[in-house]
Structures are given as structure tokens and as C-alpha cells.
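One structure is given below, encoded as C-alpha cells.
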Amino acid sequence: MKISHLFLIGILLSFISCSRFEETKTDLYAHVDAPSNPVSDTAPLHGSIKGTMLKGKTYTIDADVYVNKSDTLIIQEGVHLNVINSAGILVKGVFISLGTKENPNWITVPNVVKTDEPGADVNSDPAYKGLWKGILATPDCPLMVIKWTHVEFGGAAVMGLFSDIGFNSGNKGAYDIYFQNPAGLFVLEDSWIYGSVDDPVRVLGGRVEMFRNTFEKCGYTGGEAVNLKAGAVGDFAYNLCIGIATNGPKASNKSATIAQTNMRFYNNTIVNCGFRRADPGRGGSINYEEGAAGMYYNNLVVNCRYGPRVVPNPIADIAHLFYGNTFQYADDAAMASEFYPHGYIQIPQTSDFPKPSTFLPASYQPGDVYDGSSLVGLNNPQFVNAPIPTPPGRQASDYSAVNNFNFSLKLNSPCIGKGFTGFKALGNEQNFPIDLKYGASEITPPGKDIGAYQINGTGNQHF
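The working numbering puts the last residue of the sequence shown at 495; the count rises by one with no breaks.
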């Protein structure tokens, strides 16, 4: 399919209201046919690539591949795409991966053994080695859609011809997924992002919708689950983040051109994050800085080094930043004493859990040091199956992967019914295109329960 055709589709979709949640939710996970023009699986791929990778086939990339400006690459459900020789996917055109719940796609490195046992040595863990370059888009890429897809082990150094993306990491790692068109659309849904050297997902500008994903073991000594900068606008909701080096989501307006960064982070579950970032005050859950506006509500933060952080220098757009209904749990006093990180300007909200008035001194001012020791072990969120509280002899940082855990809520969870639903997703307000192939499958509204998993079975679908 030519780009011009996609632009016509985009124009039509721009008139479709994103309030179609009720009418589309029953078929969100149905198989979607993609155009023909099949990509051959008979030999390893390298160089220019376009067309359709066909359902259920296995492909190998043995050197860098390029989706040119006038081309589209679509990956049907059940495709295994093995990347070897530290290759990467450079996208100047359109990139679409259409896995399904029953038949997800895999973009990975073959024959790598994961070391997900608790307390595994991060220095030898392949999750942090950057075994291939990632899916890296130039500013020409108008559309990137990734649904029900495993993206693993990305972040190899980017040099040579990949300088087309305007980023040369040298000997440093890059990103698993990189999108940077300030007028483009980026969708990441129901996918699994496993392992990275730095941020697994970095977005510079554009309209962004990221729903119901799982992020594991992201960032070696630094990196957010997703780093949104330069005028990125949209939603990050119903995501599970575990074992991230720094934060779950981060928003910054640095280098913005067309729009101001405005991101709504809601109904996310963020567990055991912030421990591989050594800098004091850096990392743990949610971060807004440097002119970024937005909202964060209904987030469940468990055993993270720091609670949500609003940065004073360079200062976030605090006049247009709204938040509350944050539920926090900690196994030790050091974490509990940073539910409201000292030295920063986030304001405790009466809707937060535990209620700030029960432990903060009457003289407390935003950024003050306080004693959180009385909070240790209180308000267990009651996950179905998770290492909460942390087992004896272990630390929260030892658990950085989902493994066989289940972070949905038990029926007796104190998170049930504590969510705030009195706002809309930004995608709904701005009529983000709804389409099973070329847009968001839905714009999931805020949930009644705290965290990524709703007791009625909606929200994150990774169990």
C-alpha cells in the first residue's frame, strides 16, 4: 500500500470519533487481513524491504533492512522475525505489526536464553546487552503501529547508514523502538517490550497512544519504560512496568517544535522500578519535567525507589499538570519515605493512598523530607500472584521480570473502586484515528480500579 493511500485513510479516520469504545470492544482482538504483496521467507532479509510478512511464517533479518519513504511493511499475525548480526529496521515509510491475542508476533534474537530468576546478575543478563538495533524511524515515518507483538533484546549501537534517523549512539546503546515525526501517529498496544540498554521506547513528538503493554527489564543503568519528548501528545494507560532502570513513563517538552508535550499517564501498574539508576532522586515510577503538561491518575506504584516526581528545574508545566489517586505500597522505610520524593515539587493529594494526612507532618511543604517508616507493609494491593511483600532474603530489585506472576487484582484488593474517572483520554478529546490496522484499536477510558488490571476483566490483557 502506498503512503498516499494511507494519507487518504488518515483523513477519513480523522473524522471518526474515538468514543467508539462500546461498539468496538467486542472485536478488538479479531484477526485483521493485511494487503498482499508478500515478503519471501526463503532467504534472509537485508536492504530495502516492503510488502507483507505473511501469517505464521518465520523470517530472518541478517543485515540492516530499510522501509523506504514511499513503502509500507505490514507484519501479519503469528510471524516470528528473527534478527541476527546486530541488524536493525530503519523506517522511513510505514511500519505496522498486527499480532493478535491468539497469535502474537515476535521480533527477537534467536537462541538467547533469558535469565529471569530473582536476583540474576544484571551485568551478564542478555536483556541489557543490546543484541540488535531496534525499530528506528526517521522523521519521515508518518505511521508506526505495533499490536500484540513481542519486541525483545533491542538497543545495539547505532552507527553508519543509520545516521539517517538523526541519531548516532556511537558505542552506546540505542532504543528498541524510536519514533520522531512531530506530525505522525504512533500506536503501541497489547505488546511486550523485554530488555533494553537505554529507553526501550523513545518518542519525539507526534500523536501517541500506548495501551495495555508490558515492559520488563528495561534499561541497564538508566532508561524509562517510555521517554516522551519534543511535543509528544497522547495517552499511556493500562501498562505494566516491572524492573525498569529509572521510571515507568517520563514526559519532557525538551526540543519541542510543533506542539507542547502533553501526556496522560493513567491506570498503570509500576513495580520494582528505579533501582539500576544510581543518581539520587532519579527514577522509580512517573516523571514530568521541562515544560511537560498532562495528567497522572489511578496509578499503582509498588516497591519503587521513588514515587511520582514533578521536577522544579527545568520545571514541568505545573499550571497544566493535574494528578491524584496514586496508590503506593512499600516494603521498607527508604521507599516509603520517598512516596513524595524530597527535593521535588509534587503536591500530595487527598485522593492518594495512603492518605497524606495520616503520615505527613502538619508543617509539610512539597519536597520536604519526612519519615515514612509507619507505612511499611501497609495497603498491600493484593495481586493475584506476585512477590509482594518481597520474600525474606530478597530485595524488590531482585524481581525485574513478570515470569509466572499475575499482577491482576484479587477481589479483596483495596485498589478496587478507588479510581477517578472524571476525565477523558487525550486521544478521545483529539479524535485519534480508530482503526484495527491503521490506528488505535480503541481509546480505553480511565478505569474505576487503581492500576492496569480492572476487576471486570478490562484493561491489561497479559495474565
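By construction, the Cβ of each residue, glycine as well, lies at the ideal position given by its N, Cα and C atoms.
Distance from the CA of Gly162 to the CA of Asp231, rounded to the nearest whole angstrom, comes to 11 angstroms. Contact between Ser317 and Cys305 holds: CB atoms are separated by about 6 angstroms, below the 8 angstroms threshold.
Taken through DSSP and simplified to helix, strand or coil, Gly306 comes out as coil.
Between Asp430 and Pro158, the C-beta spacing is not below 8 angstroms.
Runs of alpha helix (DSSP H) with 4 or more residues, each lying fully within the region 350 to 399, are found at 365 to 368, listed in chain order. In the structure shown, Asn345 falls within a coil segment according to DSSP collapsed to helix, strand and coil. Residue pairing by DSSP places Gly326 opposite Met295, Leu353 in a beta bridge. Where Asn460 is concerned, the enclosing alpha helix (DSSP H) starts and stops at 458 to 461. The three-state secondary structure of Tyr210, taken from DSSP, is strand.
Ranking Pro312, Gly356, Tyr355 by CA distance to the CA of Arg337 puts Pro312 first. In the pairwise beta carbon analysis, the region 255 to 266 is classified as not touching the region 373 to 389: fewer than three pairs are separated by under 8 angstroms. In this structure, the beta-carbon distance from Arg308 to Ala277 falls below 8 angstroms. Per the C-alpha coordinates, the member of Pro136, Gly425, Asn436 positioned closest to Glu109 is Pro136. Collapsing the DSSP output to three states places Tyr431 in coil. Residue burial is scored here from C-beta neighbours: Asn285 has at least 16 other C-beta atoms within 10 angstroms and is therefore classed as buried.
Following the DSSP letters along the chain, one finds Gly79 inside the beta strand (DSSP E) bounded by residues 77 to 80. Sequence-distant Cβ neighbours of Ile167 in its own chain, meaning closer than 6 angstroms and more than five residues away, are Ile121, Ile209. In the structure shown, Ala159 adopts helical secondary structure according to DSSP, grouped into three states.
The Cβ-Cβ distance between Val141 and Trp164 falls below 8 angstroms. For the set Leu113, Val333, Leu220, Pro174, the Cα lying nearest the Cα of Val126 is the one of Pro174. For Ser405, the three-state secondary structure derived from DSSP is helix.
Of the residues assessed, Gln397 falls on the exposed side of the cut-off, its CB having fewer than 16 other CB atoms within 10 angstroms. Taking Asp364 as reference, the option from Met327, Asn492, Arg426, Ser389 with the minimal CA-CA separation is Arg426.
In its chain, beyond the 5 residues on either side, Ile106, Val177 have a beta carbon closer than 6 angstroms to the beta carbon of Ile128.
Around the beta carbon of Ala119, a 10 Å sphere encloses 16 or more other beta carbons of the protein chains shown; the residue is thus reported as buried.
Linking Gly323 to Leu353 through their CA atoms gives a straight-line distance of about 10 angstroms. Thr301 places its beta carbon 8 angstroms or farther from that of Phe385. Fewer than three Cβ pairs drawn from the region 469 to 486 and the region 340 to 353 lie within less than 8 angstroms of each other, which leaves the two stretches out of contact.
DSSP places Tyr226 in the strand class (E or B) of the three-state scheme. The straight-line gap separating the alpha-carbon atoms of Ala75 and Thr92 is approximately 8 angstroms.
When Gln212, His112, Ile379 are compared, the shortest CA-CA separation from Trp180 is found for His112. Fully enclosed beta strand (DSSP E) runs of no fewer than 3 residues occupy 233 to 236, 239 to 243, 246 to 250, 258 to 261, 265 to 269, 272 to 274, 281 to 284 of the region 229 to 287, in order along the chain. When secondary structure is reduced to three states using DSSP, Pro340 falls in the coil class, being assigned neither helix nor strand. Here the C-alpha atom of Leu410 lies approximately 13 angstroms from the C-alpha atom of Pro388.
Residue nearest to Ala283 within the set Leu272, Phe243, Met295 is Met295 (criterion: CA-CA distance).
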